[in-house]
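I have placed the structure first, in the form of structure tokens, so that the comments after it can refer back to it.
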Amino acid sequence: MMRIRLGISLGLLPSLVVAHSNIHDAMQGDAQVGAAASLSYYSEGSAASDGTWRIAGNLMGGHALPVEKGAGLADAILWGRYKLAPEWQIHAKLAMHDEGDSSRSLSVDNLLLSRTHLLNQPVDLELGLMDAAFSPSASSHPSLSRFAERPFMADAFWGGSIHDTGLRLTWKPLEKLSFVTELWSGDFFPATKGDYAQSLLVQTQQQWGQWSLKAGVWGLHSSANERPDDRYSAGHSHSSNTTTFPDVRFTGDTDLADAWLALDLPKWKQWSPSLHYEYAQSDSEGTLINRDQARQAQYHSAHKAILLTPSLSVGKHELSYRYERLSLNNELEGAGAGLLATDANLLNTHRPQRQTLQWKWDWHKNIATRVAYTKDQVLTPETERWMVDLVWQQKLYDR
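With the numbering used here, you'll find the sequence shown wraps up at 449, consecutive numbering, no jumps.
Given below as structure tokens:
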């Protein structure tokens, strides 16, 4: 029997990305329609030299895709809400996504019913195809987020962005305290469809003079049955590369836990400072199997991630810095452990991290420009890139 322990340790400083968009505004009339889009240019892509996006030491999947060098439409969104009755609404969102190989696909991201004050209690119900709400970075889009690039923690831990069929209940026992529980079909990484996933979020919002705090703590449990990383498999590739990888699959459970906060501080002269922070951990327990070679090993992982974003805004300008880092620890045990560590891309002595400095200018009420510099040490060798984009958000109809 062979036992392999693979680990990277680090001192942790955590962050989050907070979306600022009228798609989340309270609904006043009976119907709303809005749209958003982002056009981006990157001086370099985030993928490896073979065009793939695989963080060594971490099992990946879902829609965790790299940004591509050059200019293109990062995303385009059309959303709408309609009030069926005083307490019932229907929500829909169509989105065109960058598929990582200069192609675009149109998909239905949201189609759901919502009901407020269920059974005349402070309980809201949402049912259907919807975005996950447990983390501000659980379902992110370039046109709706502070940064054009989503946190690589989201790529590593939940496959980029979560849109799944599910049920969500939100209970507000107090004005500034809410409990949110979600039940999902599991059609997203790290689960598999039909094996379900459950999450629980406790969230609060506080105000003390010029200080404002929004914070949450959440956990998610998911199960997987022979879950592959099919992003680059035959017939399902998101890249023009021809690289093939061993067919390694995971069966077992994954537990995610997270704490996040968004803090707005008192103004200093004309400057408005803020701080956004998120800390997450992912623990998996199960079996890895190479379907091509019939190799198998018991697998356990204990990963941690941080995201820290201080920002300063004045007038129509905002300067933000984002620091991201992963700590990856894996254990494999069994006769096939040594070879499976290589097959599954779990060998790594590198500490993945990324730093981004961004300036944003809201030069029109519906249009903003972002310019960002990124030092990327997620893969080796490390790279640097510049990004400039144009973001448009607008309500098209509101009555």
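We treat Cβ as the ideally placed atom computed from N, Cα and C, and that holds for glycine.
Neighbour-count burial assignment, lysine 425, 16 or more Cβ in a 10 Å radius
Looking up residue 425 in the sequence shown gives position 375. Counting Cβ neighbours within 10 Å, lysine 425 comes out exposed, since fewer than 16 surround it.
Where aspartate 469 falls, given that 16 or more other Cβ within 10 Å makes a residue buried:
Within the shown structure, residues of the chain are numbered from 51 to 449, placing residue 469 beyond reach of any answer.
Quick one: using the 10 Å Cβ neighbour count with 16 as the cut-off for buried, is aspartate 342 buried or exposed?
Taking the sequence shown and counting its residues from 1, the one referred to as residue 342 is at position 292. Its Cβ having fewer than 16 others within 10 Å, aspartate 342 is exposed.
DSSP three-state label for leucine 397, please.
To locate residue 397, count along the sequence shown from 1; it is residue 347. In this structure, leucine 397 counts as coil in the three-state DSSP scheme.
Please report how far the alpha carbon of alanine 387 lies from the alpha carbon of aspartate 393, in whole angstroms.
Within the sequence shown, numbered from 1, the residue matching residue 387 stands at position 337. Within the sequence shown, numbered from 1, the residue matching residue 393 stands at position 343. Near 10 Å, if we compare the C-alpha coordinates of aspartate 393 and alanine 387.
When you compare only the Cα positions, how much space is there between asparagine 275 and valine 267?
As a working mapping, residue 275 is identified with position 225 in the sequence shown. As a working mapping, residue 267 is identified with position 217 in the sequence shown. Distance between the alpha carbons of asparagine 275 and valine 267 is about 27 Å.
Taking 8 Å as the threshold (C-beta atoms), are threonine 406 and alanine 422 in contact?
By 1-based counting over the sequence shown, the position of residue 422 is 372. By 1-based counting over the sequence shown, the position of residue 406 is 356. In this structure, threonine 406 lies closer than 8 Å to alanine 422 by Cβ.
Quick one: grab the DSSP three-state call for phenylalanine 300.
Indexing the sequence shown from 1 puts residue 300 at position 250. Phenylalanine 300: strand per DSSP, three-state reduction.
By how many angstroms is the C-alpha of glutamate 137 removed from the C-alpha of phenylalanine 184?
Numbered from 1 along the sequence shown, position 134 holds the residue referred to as residue 184. Numbered from 1 along the sequence shown, position 87 holds the residue referred to as residue 137. When rounded, the distance between both Cα atoms is 23 Å.
Evaluate alanine 135 with the Cβ neighbour count: other Cβ atoms within 10 Å of its Cβ, from every protein chain shown; 16 or more gives buried, anything less gives exposed.
Within the sequence shown, residue 135 is the residue found at index 85, counting from 1. Looking at its Cβ environment, which holds fewer than 16 other Cβ atoms inside 10 Å, alanine 135 is exposed.
Which word fits histidine 191, buried or exposed, when buried means at least 16 other C-beta atoms lie within 10 angstroms of its C-beta?
Stepping through the sequence shown from its first residue, residue 191 is reached at position 141. Answer is buried; the Cβ neighbour count reaches 16.
Can at least three beta-carbon pairs, one atom from the stretch 244-255 and one from the stretch 219-231, be found at a separation below 8 Å?
Contact between the stretch 244-255 and the stretch 219-231 is established, with three or more Cβ pairs separated by less than 8 Å.
Tell me whether the stretch 291-310 and the stretch 159-179 touch, counting them as touching only if at least three CB pairs, one residue from each stretch, are closer than 8 Å.
no
What are the boundary residues of the beta strand (DSSP E) that includes methionine 437?
The residue you call residue 437 lines up with position 387 of the sequence shown. Unbroken beta strand (DSSP E) run through methionine 437: 433-448.
Inter-residue spacing [alpha-carbon to alpha-carbon] between aspartate 308 and alanine 330
On the sequence shown, position 258 is the one that residue 308 refers to. On the sequence shown, position 280 is the one that residue 330 refers to. Distance between the alpha carbons of aspartate 308 and alanine 330 is about 4 Å.
Proximity winner among Leu109, Leu89, Gly336 and Arg404, relative to tryptophan 208 (alpha-carbon distances)
In the sequence shown, counting from the first residue as 1, residue 208 sits at position 158. Cα-wise, what sits closest to tryptophan 208 is Leu109.
My guess is that asparagine 160 and alanine 142 are in contact by the Cβ rule of under 8 Å, so how many angstroms apart are they, rounded?
Locating residue 160 in the sequence shown gives position 110, where the first residue counts as 1. Locating residue 142 in the sequence shown gives position 92, where the first residue counts as 1. At roughly 6 Å, the Cβ-Cβ gap stays under 8 Å, so asparagine 160 and alanine 142 are in contact.
Check the DSSP bridge columns for glutamate 335 and list the partner residues they point to.
Position 285 of the sequence shown, counting from 1, holds the residue named residue 335. According to DSSP, which records beta bridges pairwise, glutamate 335 is partnered with Asp303 and His350.
Around the C-beta of histidine 326, are 16 or more other C-beta atoms found within 10 angstroms, so that it is buried, or is it exposed?
On the sequence shown, residue 326 is found 276 positions in, with the first residue counted as 1. Classification for histidine 326: buried.
If you draw a straight line from the alpha carbon of proline 201 to that of threonine 399, how long is it in whole angstroms?
As a position in the sequence shown, residue 201 is number 151, starting the count at 1. As a position in the sequence shown, residue 399 is number 349, starting the count at 1. Spanning the two alpha carbons is a distance of roughly 21 Å.
Need the endpoints of the beta strand (DSSP E) that alanine 87 sits in, please.
Indexing the sequence shown from 1 puts residue 87 at position 37. For alanine 87, the enclosing beta strand (DSSP E) has its first and last residue at 81-92.
Report yes if the CB atom of leucine 217 is closer than 8 Å to the CB atom of leucine 194, and no otherwise.
As a first step, residue 217 must be located in the sequence shown, where it is residue number 167. As a first step, residue 194 must be located in the sequence shown, where it is residue number 144. It is not a contact, given that the beta carbons lie outside the stated cut-off.
Could you give the C-beta distance for aspartate 237 and aspartate 214, rounded to a whole number, given that I count them as a contact under 8 Å?
As a position in the sequence shown, residue 237 is number 187, starting the count at 1. As a position in the sequence shown, residue 214 is number 164, starting the count at 1. About 5 Å separates the Cβ atoms of aspartate 237 and aspartate 214, confirming a contact at the 8 Å cut-off.
Quick one: grab the DSSP three-state call for phenylalanine 229.
Translated into positions along the sequence shown, residue 229 becomes position 179. Note: phenylalanine 229 maps to strand in three-state DSSP.
Which residues bound the beta strand (DSSP E) around aspartate 426?
As a first step, residue 426 must be located in the sequence shown, where it is residue number 376. Here the beta strand (DSSP E) through aspartate 426 covers 417-426.
With C-beta atoms as the reference, is serine 273 less than 8 Å away from aspartate 305?
Residue 273 sits at position 223 when you count from the first residue of the sequence shown. Residue 305 sits at position 255 when you count from the first residue of the sequence shown. Taking 8 Å as the Cβ cut-off, serine 273 and aspartate 305 do not qualify as a contacting pair.
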